[in-house]
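Comments concern the structure below.
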Amino acid sequence: MTHPPPIFLTGAGGFVGRALIQHWREAGVPVIGADLSGADEVIDVLNAEQLCRRVAEIQPRAVVHAAALTSGSDLRLLEVNLGGTLNALNAALQAEVKHFVLLSSTGVYSPQVGPISETGQTTSANAYSLSKVLAERAAAMVGGEMSIWSLRLGPVYGAGEEVSGSRQRTSLIHQIAAAIREQRSVNLSQGRDSAENWLHTRDLVRLLNVILAQSESVGAHLYNVAGPPVSQQALLEAFEQLCPEQPVQKWLTWNPTPLPRHGEVDCCKVAQELDFRPTIPLLEGLFDALAAP
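Numbering (this note's numbering), first residue to last: 6 to 298.
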């Protein structure tokens, strides 16, 4: 039996990377994960020669680039998030890979009233946002040579989230779920009225499957990918519905002066062009987060 070429995934040791690996393998999709630790292969995306050599050996049908830092010094964020993307792009080009998927973030947007489309104002006020915007632009520049898909993801949640070397602060959902499991208090950085566009990992992998089934060989695409907005208060009430016996509200302290954030994310483009809409209900997704530490 002939197996299709695998997907090559960078950042496979992180929360999103591990989730994608699990979902793909459960569905029988061949995938090879790479990271500094916690993955099939130990590969540093800053080692251009090693990355090029391995991608050429594997000959994957797609490179999904999830490797990134969310915290650290400004120069280190730029080095890894931009430099790693350049190396991954070059490796994919040299191996004549059909699809290159860059996992970016809605964190590139500056604080503004939503809904925010892909043409919304981005910010260079912090190194993380700048590194992601520059990575997107670098990817778009090679859209004439292969199929580029840059996905600005809303906050991602699901089972298996944890603090890691590349991700020092976990999501609000993980923080609340951990407080419930461990019956301890937690200070939250946002206010009750703040809203997030939560995206479950199972919805993300479904979109990636849609993208990798596309037939086109060249072109650059940019999409917002996020769920419907959920206020922090609504999120808390959903947790209380799942755990009625727990005094959830007593354990949480909200920030009375939260930092300004961008508004609701407009995902009409990905819905229209790829017929993709998140389908995992919030309660079902939160149950996943509660079930697994």
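Just so you know, even glycine gets a beta-carbon here, dropped at the ideal spot from N, CA and C.
Owing to the predicted nature of the structure, the values given are computational and were not obtained by experimental measurement.
8 Å Cβ shell around residue i - same chain, five flanking residues per side excluded
i: Arg30; result: Val36
i: Val230; result: Leu156, Arg157, Leu158, Gly159, Leu204, Leu209, Leu212, Cys272, Val275 and Phe281
i: Val191; result: Gln180, Ile181, Ala183, Ala184, Trp256, Leu257 and Thr258
i: Ser8; result: The question names Ser, but residue 8 in the sequence shown is His. So the list reads Pro35, once near-sequence residues are dropped.
i: Thr127; result: Val113, Tyr114, Ser115, Ser134 and Val138
i: Ala144; result: Thr90, Leu94, Phe105, Leu107, Ile153, Ser155 and Ala225
i: Pro120; result: Gly268, Glu269, Val270 and Asp271
i: Ser129; result: Leu135 and Val138
i: Pro65; result: Pro10, Pro11, Ile12, Phe13, Ile37, Ala100 and Val102
i: Pro283; result: Leu204, His205, Asp208, Ala231, Gly232 and Pro233
Cβ-based neighbour list, residue i, same chain, cut-off 7 Å, excluding 5 preceding and 5 following
i: Leu98; result: Val147, Glu150 and Met151
i: Phe281; result: Leu212, Val215 and Val275
i: Gly125; result: Tyr114 and Gln117
i: Phe244; result: Ile181, Ile185, Val253 and Leu291
i: Gly165; result: Phe20, Arg23, Ala24 and Ala297
i: Gln251; result: Ile185
i: Ile285; result: His205, Arg207 and Asp208
i: Gly61; result: In the sequence on display, residue 61 carries Ala and not Gly. Once the five neighbours on either side are set aside, the close Cβ partners of Ala61 are Gln99 and Ala100.
i: Trp168; result: First, the residue type needs correcting, since residue 168 is Val and not Trp in the sequence shown. Answer for Val168: Thr175, listed in chain order.
i: Val47; result: Leu41
i: Leu82; result: Leu74, Ala132, Tyr133 and Ser136
i: Ile63; result: Pro11, Phe13 and Ile37
i: Gln188; result: none
Anticipated Cβ contact below 8 Å, residue i with residue j, distance rounded
i: Leu56; j: Asn92; result: 5 Å
i: His104; j: Ala67; result: 4 Å
i: Leu295; j: Leu240; result: Contact doesn't hold; Cβ gap of about 13 Å is too wide.
i: Gly16; j: Ala73; result: 6 Å
i: Ala3; j: Ser110; result: Past the boundaries of the shown model lies residue 3; the chain is included only from 6 to 298, so the question cannot be answered.
i: Glu335; j: Tyr228; result: In the structure as shown, the chain begins at 6 and stops at 298. Residue 335 is therefore absent and cannot be evaluated.
Three-way DSSP call (helix, strand, coil) for residue i in this model
i: Glu167; result: coil
i: Glu46; result: strand
i: Val138; result: helix
i: Asp40; result: strand
i: Leu156; result: strand
i: Ile285; result: coil
i: Ala71; result: coil
i: Asn106; result: The question names Asn, but residue 106 in the sequence shown is Val. DSSP places Val106 in strand when its eight states are reduced to three.
i: Val85; result: helix
i: Val161; result: strand
i: Leu51; result: coil
i: Thr111; result: helix
i: Val270; result: strand
i: Thr90; result: helix
Other residues of its chain near residue i: CB distance less than 6 Å, five sequence neighbours each side excluded
i: Asp45; result: Ile37 and Gly38
i: Ala53; result: Asn92
i: Gly18; result: Asp40, Ser42, Gly43 and Ala44
i: Asn375; result: Since the first residue shown for the chain is 6 and the last is 298, residue 375 is missing from the structure and cannot be characterised.
i: Leu279; result: Val215
Check: residue i C-beta below 7 Å from any heavy atom of the ligand MG
i: Glu166; result: Although the ligand MG was asked about, the structure shown includes no ligands whatsoever.
Unbroken stretches of the beta strand (DSSP E), 3 residues or longer, contained in the region 183-246: 191-193, 200-202, 224-230 and 234-236
Segment contact, 8 Å Cβ cut-off, at least three pairs: the region 131-143 with the region 178-189: no
4-residue-minimum alpha helix (DSSP H) runs that sit fully inside the region 7-35, ordered along the chain: 20-31
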